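Protein chains in written order, with the numbering used here: chain A, 609 to 1264; chain B, 96 to 199.
Positions of the beta carbon are idealized from the N, C-alpha and C atoms, including for glycine.
No experiment lies behind these values; they were computed from the predicted model shown.
I have placed the structure first, in the form of structure tokens, so that the comments after it can refer back to it.
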Amino acid sequence: MWENIKSFASTFFVTGDPLIYGADVSIVLTMFAIVFVLTKYQKWGWLWREWLTTVDHKKIGIMYLIASLLMLFRGGVDALLMRLQLAFPNIEFLHSDHYNAIFTTHGTIMILFMAMPMMFALFNIVVPLQLGARDVAYPFLNALSFWLFMAGAMLFNISFVIGGSPDTGWLAYPPLSGIEFSPGPGQNFYIWGIQISGIGSLATGINFLVTILKMRAPGMKLMKMPLFSWSVLSSCVMIIFAFPILTVTLALLFIDRFLGAHFFTMAGGGNPMMYLNLIWMWGHPEVYIVVVPAFGIFSEIVATFSKKVIFGYKSMVIALMTIAVASFFTWAHHFFTMGTDASVIAFFAISTMVIAIPTGVKVFNWLFTMFRGRISFQQPMLWTIAFIPCFLVGGATGVMLAVAPADYQYHNSYFLIAHFHQVLIGGVVFGYLAGIYYWWPKMFGFKLDERLGKWGFWLWNIGFYVCFMPQYALGFMGMTRRYYTYGWDMGWAPLNLVSTVGAFLMGAGFIFQVWQIAYSIKHGERDKTGDPWNGRTLEWSIPSPAPMYNFAIEPRVKEADDWWRIKQEKANGTYQEEKIELEPIHMPKNSGIPIIMSGFWFIAGFGFTFEWVWMAVIGLIGVAACMWARSFDYDTDYYIPVDEIKRTEASLGRGV
Amino acid sequence: MSHHDNHVHSENHGSLKSYVIGFVLSIVLTIIPLVLVMNNVMSGGPLVITIMVMAVLQLFVQLFFFMHIREGEKPRYNVQALILGAVIVFTIVAGSMWIMTFNI
Chain A
609 MWENIKSFAS TFFVTGDPLI YGADVSIVLT MFAIVFVLTK YQKWGWLWRE
659 WLTTVDHKKI GIMYLIASLL MLFRGGVDAL LMRLQLAFPN IEFLHSDHYN
709 AIFTTHGTIM ILFMAMPMMF ALFNIVVPLQ LGARDVAYPF LNALSFWLFM
759 AGAMLFNISF VIGGSPDTGW LAYPPLSGIE FSPGPGQNFY IWGIQISGIG
809 SLATGINFLV TILKMRAPGM KLMKMPLFSW SVLSSCVMII FAFPILTVTL
859 ALLFIDRFLG AHFFTMAGGG NPMMYLNLIW MWGHPEVYIV VVPAFGIFSE
909 IVATFSKKVI FGYKSMVIAL MTIAVASFFT WAHHFFTMGT DASVIAFFAI
959 STMVIAIPTG VKVFNWLFTM FRGRISFQQP MLWTIAFIPC FLVGGATGVM
1009 LAVAPADYQY HNSYFLIAHF HQVLIGGVVF GYLAGIYYWW PKMFGFKLDE
1059 RLGKWGFWLW NIGFYVCFMP QYALGFMGMT RRYYTYGWDM GWAPLNLVST
1109 VGAFLMGAGF IFQVWQIAYS IKHGERDKTG DPWNGRTLEW SIPSPAPMYN
1159 FAIEPRVKEA DDWWRIKQEK ANGTYQEEKI ELEPIHMPKN SGIPIIMSGF
1209 WFIAGFGFTF EWVWMAVIGL IGVAACMWAR SFDYDTDYYI PVDEIKRTEA
1259 SLGRGV
Chain B
96 MSHHDNHVHS ENHGSLKSYV IGFVLSIVLT IIPLVLVMNN VMSGGPLVIT
146 IMVMAVLQLF VQLFFFMHIR EGEKPRYNVQ ALILGAVIVF TIVAGSMWIM
196 TFNI
């Protein structure tokens, strides 16, 4: 009996690495600390009522934001570990298996569990406020999406202390990710972590598409919608068409592994290249899914901080929507070297270059918006200005990679690594950070400290170039990705050391930002007006943070920058306020079902991961029971009475 | 969200009968290809064509019985989404076949 338990534990828990034991200890300590604090201050009920069961888009957004910052930390630590190993390749700081696991989790976490939730955080917090809506179209589904994401992310993350991390790269190509070469639970963690959170992502895509099409304030025609909401619409269209491809691809991989099918194994007449073909059909739109909302954020920020209306609104809309469709026609450029016909390569090389055009249009629009504007260099604008040259170089190297004959040289080299980090950090991370700084007062009611923020900004920026410019050179010098060691005679060591220094500078930038948040909670400039940046769109017309119903009176929209119009009219005395009586506001009720159902999904996923069918069955029965309970729950909504709205508005300093 | 009508207009989302028919049809259309392959009834070109026909029929069953493609106040969005969906499905299927023909 004792022997059985011991042998089970030695395979169930990851053993043998001091770094992992350190992680075990810190996880247990953190859990104890959280439980202790919640119990001591009797906050369990508060946590459950106010956060875990909430269907309020603003709170869900904040939870997404917290989760994504934690994941940024974990993915960042992964990156620093890799950079340490590569700076000193011969000291075996990480041995090869551990290095493989770390580059895999770094990539997967940064894209799926950092970029996606940070994007959803901004969707949730901003879109309903920008549209003049009181919530998203399906608030319950929204909460469910968040908790499914959490269940998937946690399932993926526990793999490094239980069962072993996946270690076949962030897209898990077969045959390496097949059962023959990757037996054990690691690869199943990858599949189920992504599958479960993927259901949530798809639901969010549908939710925001419907919200944008159906829930805009009266008078807000599509062509009067703020550009961030347009970018969200573009992103949602891509989510809806791309994520099912991912789900099917990973399901096929799981069927191969679990049931012994041969979709991707040569032995049974399958073809592993088909997996590449399918996964990139999702993977390419995926990178546009995360970067397009960043373009929307920059459009808002550039207009606000240049105090001008955005240049070329129509061309922006066309560019955003063109990208949504065109992103589906470029996927094969990720595997030019697979070996195929010249016609295929020519088609995908040209389609890839074509997609640079709408992005170029946007860059010019931002520049023309700034031209002769009165620019103020506050934090959101700083990140926007840093983004433009960075993304420009990243885009240009992308076009270089699109040149198919040359791609045979760049493929899988550090040149590629530098390219996609430049577009993903320079585009996505800078964009979301800019968005977080911009909308932070709207979320929490105070600004983030400028001085500490500038330290963070410069460390990030300098660190970025120090880290990734050498990698372009390393690529030309023949260094390919996923090496965990190399000989001194290769001549790669100096540039790798420089690159590692840059990575640590970015890490220091992140620490400054955490410090900045902690400092600003106490000392940050309070936002009493609700409009700290002299904004242009509807979210700035309401108090910060927004009351739970967002708008006491549904706004009547006349222009794209409607809040700017109202402010102008008030200034020159032409503003006519319509007399609208307050009405009771219809609101959704909180529900515990999303978190419980996601818990059952977690159990099911864990069961599938370890191929314990009984556990998977229990989990799925729980999921079905939750769906049943929700289907027959008719008590899902309520009305906020007029008195309460008046009291809330008065307490926020607004007479109605 | 201002009207209390969310329970009322649920009648026009199809009847129990249509859901059961759709459910049975979708299962039958799934089982046919499985049986054909497992029992080696057909092979080669005819098999592939039969599976594809079943897939397309499945698509229509889903659209009409579960997605209620004929309903909605603004069918404009439905049509747009359907056209885009068709383009993307075509890209996925034809694109994959085109790319992979040179790889076997």
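Can you check the region 1185–1242 of chain A for any alpha helix (DSSP H) of at least 4 residues that lies completely inside it and give the ranges in chain order? 1201–1217, 1221–1239
May I have a chain-ordered list of the alpha helix (DSSP H) segments no shorter than 4 residues that lie completely inside the region 676–722 of chain A? 704–716
With 9 Å as the threshold, decide whether the Cβ of B/T186 is near any Cβ in chain A. Within the second sequence, the letter at position 91 stands for residue 186 of chain B. Output row for B/T186: interface = yes.
For the candidate residues A/A869, A/L858, A/H714, A/M639, whose alpha-carbon lies nearest to that of A/E788? The sequence position of residue 788 of chain A within the first sequence is 180, counting from 1. Checked all of A/A869, A/L858, A/H714, A/M639; the closest Cα to A/E788 is A/A869.
What residues from the region 948–973 of chain A come within 7 Å of chain B, judged by C-beta to C-beta, listed N to C? T948, D949, V952
With DSSP collapsed to three states, give me the class of A/T1108. Here residue 1108 of chain A refers to the residue found at position 500 when the first sequence is read from its first residue. Three-state result, A/T1108: helix.
State the CB to CB distance for the pair A/T1108 and A/R691, rounded to an integer number of angstroms; the pair is presumed to be in contact (CB under 8 Å). As a working mapping, residue 1108 of chain A is identified with position 500 in the first sequence. As a working mapping, residue 691 of chain A is identified with position 83 in the first sequence. Yes, A/T1108 and A/R691 are in contact; Cβ-Cβ is about 4 Å, under 8 Å.
With DSSP as the reference, label A/F1054 as helix, strand or coil. Counting from one through the first sequence, the residue named residue 1054 of chain A turns up at place 446. Note: A/F1054 maps to strand in three-state DSSP.
Reduced DSSP category for A/S1021 - H, G, I as helix; E, B as strand; rest coil: Start at 1 with the first residue of the first sequence, and residue 1021 of chain A comes out as number 413. A/S1021 falls in the strand class under three-state DSSP.
Alpha carbon to alpha carbon, what distance is there between A/R824 and A/M1149? Position 541 of the first sequence, counted from the start, is the residue given in the question as residue 1149 of chain A. Position 216 of the first sequence, counted from the start, is the residue given in the question as residue 824 of chain A. Reading the sequence as shown, one finds Ser at residue 1149 of chain A and not Met. Each residue's Cα considered, the two are about 16 Å apart.
Chain-ordered neighbours of A/N885 on chain B, where CB pairs are closer than 9 Å: On the first sequence, residue 885 of chain A is found 277 positions in, with the first residue counted as 1. Within chain B, the residues near A/N885 are G190, S191, I194, M195, N198.
Anyone know if the C-beta pair for A/L1082 and A/Y1022 falls short of 9 Å? As a first step, residue 1082 of chain A is located in the first sequence; it is residue number 474 there, counting from the start. As a first step, residue 1022 of chain A is located in the first sequence; it is residue number 414 there, counting from the start. It is a contact, given that the beta carbons lie within the stated cut-off.
Going by DSSP, what residues sit across from A/I1248 in a beta bridge? Taking the first residue of the first sequence as 1, we reach residue 1248 of chain A at position 640. Answer is A/I1193.
With 16 as the cutoff for other CB atoms within 10 Å, does A/K1312 come out buried or exposed? This structure does not reach residue 1312 of chain A, given that chain A is present from 609 up to 1264, and the question cannot be answered.
At which residues does the alpha helix (DSSP H) containing A/T1005 begin and terminate? In the first sequence, the residue the question calls residue 1005 of chain A occupies position 397. Note, A/T1005: alpha helix (DSSP H), 987–1010.
Determine the burial state of A/Q987: buried for a count of at least 16 other Cβ atoms within 10 Å of its Cβ, exposed for fewer. Residue mapping note: residue 987 of chain A aligns to position 379 of the first sequence, counting from 1. A/Q987 should be labelled buried.
For A/L830, count neighbouring C-beta atoms within 10 Å of its own C-beta (all shown protein chains included) and say buried if the count is 16 or more, exposed if not. Walking along the first sequence from the start, residue 830 of chain A turns up at place 222. Exposed, because fewer than 16 other Cβ atoms sit within 10 Å of the Cβ of A/L830.
Residues that DSSP places opposite A/T1088 in a beta bridge: Numbered from 1 along the first sequence, position 480 holds the residue referred to as residue 1088 of chain A. A/S1021.
The alpha helix (DSSP H) enclosing B/S113, as first and last residue numbers: To locate residue 113 of chain B, count along the second sequence from 1; it is residue 18. Per DSSP, B/S113 belongs to the alpha helix (DSSP H) from 111–133.
Beta-carbon within less than 6 Å of A/G904's beta-carbon, same chain only, minus the 5 sequence neighbours each way: which residues are those? Numbered from 1 along the first sequence, position 296 holds the residue referred to as residue 904 of chain A. Excluding residues within five positions, the ones whose Cβ falls inside 6 Å are L835, F836, S839.
In terms of DSSP beta bridges, what is A/R1134 paired with? As a working note, residue 1134 of chain A is residue 526 in the first sequence. Note: A/R1134 sits in a beta bridge opposite A/F1054.
Between the alpha carbons of A/Y629 and A/F1240, how many angstroms are there, rounded? As a working note, residue 629 of chain A is residue 21 in the first sequence. As a working note, residue 1240 of chain A is residue 632 in the first sequence. A/Y629 and A/F1240: Cα-Cα distance of roughly 47 Å.
Assign A/I1150 to one of three DSSP states: helix, strand, or coil. The count along the first sequence starts at 1 and reaches residue 1150 of chain A at position 542. If DSSP states are grouped into helix, strand and coil, A/I1150 belongs with coil.
Would you verify that the beta carbon of A/L867 is, or is not, closer than 9 Å to some beta carbon of chain B? Residue mapping note: residue 867 of chain A aligns to position 259 of the first sequence, counting from 1. No, A/L867 lies away from the interface with chain B (no Cβ there is under 9 Å from its Cβ).
So what's A/D871 in DSSP terms, helix, strand or just coil? Position 263 of the first sequence, counting from 1, holds the residue named residue 871 of chain A. Inspection of the sequence shows that residue 871 of chain A is occupied by Phe rather than by Asp. Here A/F871 sits in coil by DSSP.
Can you tell me the Cα-Cα spacing of A/G876 and A/D864, whole angstroms? The residue given as residue 876 of chain A occupies position 268 in the first sequence. The residue given as residue 864 of chain A occupies position 256 in the first sequence. Each residue's alpha carbon lies about 10 Å from the other.
Answer yes or no: does any C-beta atom of chain A fall closer than 9 Å to that of B/G180? Counting from one through the second sequence, the residue named residue 180 of chain B turns up at place 85. Interface residue, yes.
Work out the CA separation of A/L749 and A/E600 for me, nearest whole Å. Beyond the ends of chain A as shown, which are 609 and 1264, falls residue 600 of chain A; an answer cannot be given.
If you draw a straight line from the alpha carbon of A/A1258 to that of A/G1138, how long is it in whole angstroms? Numbered from its first residue, the first sequence carries residue 1258 of chain A at position 650. Numbered from its first residue, the first sequence carries residue 1138 of chain A at position 530. Roughly 14 Å separates the two Cα atoms.
Under 7 Å between beta-carbons, which chain A residues line up against B/Y114? List them in chain order, please. Mapped onto the second sequence, residue 114 of chain B falls at position 19. Within 7 Å Cβ-Cβ: nothing; B/Y114 doesn't reach chain A, min ~13 Å.
Looking at the C-beta of B/I126, does it have a partner C-beta in chain A at a distance below 9 Å? Here residue 126 of chain B is taken as the residue at index 31 of the second sequence, counted from 1. By this cut-off, B/I126 is not an interface position.
Identify each residue in the region 839–864 of chain A for which the Cβ-Cβ distance to at least one residue of chain B is less than 8 Å, and report them in chain order. V845, F849, I853
Output yes if chain B places a C-beta closer than 9 Å to the C-beta of A/F1159; else output no. Taking the first sequence and counting its residues from 1, one reaches residue 1159 of chain A at position 551. Not closer than 9 Å to any Cβ of chain B, the Cβ of A/F1159 fails to qualify, so no.
With DSSP as the reference, label A/F937 as helix, strand or coil. The count along the first sequence starts at 1 and reaches residue 937 of chain A at position 329. If DSSP states are grouped into helix, strand and coil, A/F937 belongs with the helices.
Reference A/G1036, options A/A675, A/L680, A/A954, A/V818, closest by Cα: As a working note, residue 1036 of chain A is residue 428 in the first sequence. The identity of residue 1036 of chain A in the sequence shown is Val, whereas the question assumes Gly. When only C-alpha atoms are compared, the closest one is A/L680.
Are at least three pairs of beta-carbons, each pair with one atom in the region 688–707 of chain A and one in the region 1119–1126 of chain A, less than 8 Å apart? no
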